[in-house]
Amino acid sequence: MTRERFDLKPAVAGLICAAVVLSWWCLKVYGSHGGNWTALYCTGSRPGMPDVIRAEGAYVFAGSHGYDSQFYHYIAHDPWLTRGFLSAVDNPPLRWRRILVSALAWTLAAGRDDWIDPAFYLVVLGCVFAGGFWLARYFRIRGSPAWWGLLFLFSPATLVVFDRIVVDVALTALVCGFLYYAQTGRRAALWTVLAAAVAVRETGLLLLAGWCLWLALRRELRQTIWFSAAGLPALAWWLYVARSTPAYGMPDWGVSWPPARLVAAILNPARYPAPDWGNYLLTALDYLALTDTVLAIALAARAAWRAEGPLRYAIPAFGAFGFLLTGTASVDVFQDVFSHGRLLSPLTLLVAAEGLPRRDWLSLAPILPAALRIGILHAVLMLRIACAWPP
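Anchor point for the sequence shown: position 311 equals 317 in the numbering used here, and the numbering is continuous, going up by one each time.
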């Protein structure tokens with residue numbers, strides 16, 4: 007077990023990350039949405055909104071289907087599937103499986119509907135703090151400056167949270183917890199982090215699988231069995247969800263080989279309600295952002311070859327997921343930087359965490375394209391607020 011000296015810098019790094027996100031939320035909410043904080047859920051005008059959500063005055067984006075975050079907001083009001091919210095959610099089995107963030111908000115609010123929203127914001131800010139804190143501690147024990155923990159702010163999952171709440175930031179934060187506790191050998195805390203990662207979303211299994219494979223190859227049989235059990239709480243919950251929700255088939259996107267969907271997105275870029283020159287510029291930026299996928303997969307193979315310890319198996323697990331995504335995901339996932347950026351955030355962060363302590367600056371390359379594209383979107387929003395431009 008690695009011993010550490012006391013240092014406040016990681017906590018300060020985490021606080022800076024959370025403070026930046028909170029400050030941005032304030033600018034966005036009061037500058038664009040009349041002070042209605044529920045705009046962070048990106049609730050669309052789809053029918054079937056639960057009465058309790060309508061009663062709280064949820065901000066609705068007219069003419070929009072909304073975003074994933076609206077469903078996790080609904081689930082926070084009905085985490086145990088007892089209030090009849092199923093019809094309001096696009097894919098109930100999938101959404102309720104990803105229970106952790108919504109359940110934490112419900113718990114923090116003591117189940118009170120009027121406390122759910124502030125509790126949800128606090129949970130997300132807590133994830134941002136934890137991500138910056140754990141990443142800073144990881145870099146410090148690897149001999150790098152603790153301030154490098156601020157890199158968590160530039161992870162696409164975190165940058166997306168500037169604009170809308172997504173649960174991916176929780177998984178990305180738990181990846182940072184994995185990095186830290188795996189490095190220090192604090193296995194009880196690591197078990198908790200891995201169990202939480204699987205409860206956030208299914209891709210948390212990749213982190214658990216990478217760690218268990220490392221233990222198995224070291225012939226730590228008891229530890230392998232013990233850590234495999236970290237997936238049992240989520241598995242039990244998934245079984246409960248399967249019994250409590252109607253069968254829901256996967257979207258019919260067809261079957262194709264990687265990287266067919268990525269190529270399709272390149273050949274059929276998104277169109278924007280803008281003049282031709284604006285579309286050309288935005289398409290060029292979208293193409294730039296898509297390089298994060300190629301770079302992440304390529305550098306994952308490189309990092310896995312050089313990595314030591316459990317990163318040697320966690321990185322290729324997420325790299326394989328990224329590669330399969332290019333053939334199985336919907337084309338619009340790769341047309342939208344918010345989608346592919348946040349899905350690949352655990353991989354891009356693992357690649358950076360493996361390379362930066364050795365001053366391998368190329369390991370930052372997968373994070374930068376999507377971060378730049380999302381950053382430009384945020385900058386335009388701030389210009390609109392500052393200049394009172396119409397949306």
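From the three backbone atoms N, C-alpha and C, an ideal C-beta is built for every residue, glycine too.
Runs of the beta strand (DSSP E) lying entirely within the segment 319-352 and spanning at least 3 residues: none are present.
Taken in chain order, the whole alpha helix (DSSP H) runs of length 4 or more contained in the segment 91-167 are 98-103, 106-114 and 119-147. If the five residues before and after residue 278 are omitted, its C-beta is found closer than 8 angstroms to the C-beta atoms of 284, 285 and 288, all from its own chain and listed in chain order. DSSP assignment within the segment 212-293 yields the following whole alpha helix (DSSP H) runs of 4 residues or more, N-terminal first: 227-234, 238-250 and 266-273. Between residue 272 and residue 296, the CB-CB gap stays under 8 angstroms.
CA-to-CA, the gap between residue 291 and residue 58 works out to about 40 angstroms. Contact check between the segment 199-207 and the segment 234-242: three or more CB pairs, one atom from each, fall below 8 angstroms, which counts as touching. Under the 10 Å beta carbon count, residue 174 is surrounded by 16 or more other beta carbons and is classified as buried.
A Cβ-Cβ separation of about 6 angstroms places residue 107 in contact with residue 129 under the 8 angstroms criterion. Shown here, residue 66 sits in a strand according to DSSP, grouped into three states. Between the alpha carbons of residue 351 and residue 328 lies a distance of about 10 angstroms. Distance from the CA of residue 320 to the CA of residue 216, rounded to the nearest whole angstrom, comes to 4 angstroms. The Cβ-Cβ distance between residue 81 and residue 101 falls below 8 angstroms.
For residue 23, the enclosing alpha helix (DSSP H) begins and ends at 15-38.
Scanning its chain for C-beta atoms nearer than 7 angstroms, with the 5 sequence neighbours on each side dropped, one finds no residue around residue 246. The Cβ atoms of residue 139 and residue 20 lie closer than 8 angstroms to each other. Contact between the segment 338-348 and the segment 162-181 is present: three or more C-beta pairs spanning the two stretches fall below 8 angstroms.
Residue 41 carries a coil assignment under DSSP once its states are collapsed to helix, strand and coil. Per DSSP, reduced to three states, the secondary structure at residue 209 is coil, with no helix or strand assignment. Pairing residue 68 with residue 49 gives a Cβ-Cβ distance that is not under 8 angstroms. The Cβ atoms of residue 358 and residue 349 do not sit closer than 8 angstroms to each other. Secondary structure note for residue 88: it is in no alpha helix (DSSP H), with a DSSP letter that is neither H nor E. Secondary structure at residue 361: helix, using DSSP grouped into helix, strand and coil. Residue 145 sits close to residue 154, with the two beta carbons spaced by under 8 angstroms.
Shortest Cα-Cα distance from residue 313 to any of 98, 264 and 366 involves 366. One Cα belongs to residue 280, the other to residue 114, and the distance between them is close to 43 angstroms. Going by beta carbons, residue 306 and residue 353 fall inside the 8 angstroms limit.
DSSP lists no beta-bridge partner residue for residue 178.
Just measuring C-alpha positions, the residue of 13, 266 and 17 sitting nearest residue 133 is 17.
In this structure, residue 375 lies away from residue 268, with their beta-carbon atoms at least 8 angstroms apart.
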